[in-house]
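By the numbering used here, the letter at position 50 of the sequence shown is numbered 50, and the numbering carries on one by one without gaps. Glycine included, each C-beta is placed from N, C-alpha and C at the ideal position.
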Amino acid sequence: MKLKVLLAVPYKGNSIYELRKILSQNDVDLYVFPEGFLDSNTLTEALKIIKNEQKYIITGFKDLRNNGQHKVLVIDNGKIVDEYTKCILTKGEKEKGKQHGEKITCVNTKFGKIGVLICYEIHFPEVARIMSLEDPIMLINIIGTGMYHDLQLEQWTTLAKARAIENEVYILGCSHYEEEIPLAYVYNSVGRCELMKTNECGGFVVEVDLDKSNAKVINYLEDRVPRLFNVLYE
1 MKLKVLLAVP YKGNSIYELR KILSQNDVDL YVFPEGFLDS NTLTEALKII
51 KNEQKYIITG FKDLRNNGQH KVLVIDNGKI VDEYTKCILT KGEKEKGKQH
101 GEKITCVNTK FGKIGVLICY EIHFPEVARI MSLEDPIMLI NIIGTGMYHD
151 LQLEQWTTLA KARAIENEVY ILGCSHYEEE IPLAYVYNSV GRCELMKTNE
201 CGGFVVEVDL DKSNAKVINY LEDRVPRLFN VLYE
């Protein structure tokens, strides 16, 4: 089974305009928007647009009622059907008093479970691994801004490739069109790059082969020895 997915790289600061534009120009199974794309001020109008267009969306959401807490929302034809709260925060986010989520888990979608790593969470293999224990059809990394420099781009995409390889699952990512290097990327379940877009805005459509994500040729998960990992939690 193949799933047609659009990775949105929108301009930041005009989410309703960007949402209308991207939804009207493309017809796919799933639309993915970056971290913080919607917020408490734009959500109601966005839900009406999504309902009118009859689309299925995964998007970043900034909860302004809760000190800007970052979440991901799954929206089916204008109805929020699931959500996940960012669990791993940057130093800057913690200094601003943002609150982390209480449970690392996949979101439920009509296609199957999907693990959504919110921005900085890509740096922590434990997050992707915990999500992978739920056998997701793919991982998604929604990013707030583009990369600040070439080294960060190299590091970020290397981490994404590693998450794909070690969990034998597709990983897709996208950011806003902001900062030095905005991006959208896809790595398949063996770590091969199927899409890499930098310095381009708009929507980028890819086909995700779910059979590859399900294959688990090596199945690293079966070789874990959790009792030896206790030091990680001390």
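Over what stretch of residues does the alpha helix (DSSP H) that includes residue i continue unbroken?
i: K48; result: 43-53
i: G92; result: 91-95
Suppose you measure from the CA of residue i to the CA of residue j; what does that come to, to the nearest Å?
i: I137; j: S213; result: 6 Å
i: A8; j: C174; result: 6 Å
i: N52; j: D223; result: 47 Å
i: V81; j: N230; result: 34 Å
i: Y185; j: T109; result: 21 Å
i: E168; j: C106; result: 16 Å
i: F37; j: G92; result: 19 Å
i: R65; j: E102; result: 18 Å
i: T158; j: V116; result: 18 Å
i: L3; j: D27; result: 12 Å
By Cβ distance, which residues of its chain are closer than 7 Å to residue i, with the 5 residues on each side in sequence left out?
i: K161; result: Y187, G191
i: K98; result: N67, G68, Q69, L89
i: L195; result: A184, Y185, V186, F204, V206
Just tell me which of the options has its CA closest to the CA of residue i.
i: L210; options: D135, S40, F204, E35; result: D135
i: D76; options: G101, N67, D29; result: D29
i: P60; options: S24, L73, I49; result: Looking at the sequence shown, residue 60 is not Pro but Gly. Out of S24, L73, I49, L73 has the C-alpha closest to the C-alpha of G60.
i: G123; options: E83, A164, K71, E207; result: It is worth fixing the name first, because residue 123 is His in this sequence and not Gly. Measuring from the Cα of H123, the nearest candidate turns out to be A164.
i: I171; options: P34, N219, A215, I114; result: I114
i: L133; options: I57, E180, Y220, T145; result: Y220
So, helix, strand or coil for residue i, using DSSP?
i: Y187; result: strand
i: K161; result: helix
i: K79; result: strand
Can we count residue i as close to the ligand NAD, meaning its CB is less than 7 Å from some heavy atom?
i: E166; result: No copy of the ligand NAD appears in this structure; indeed no ligand is present at all.
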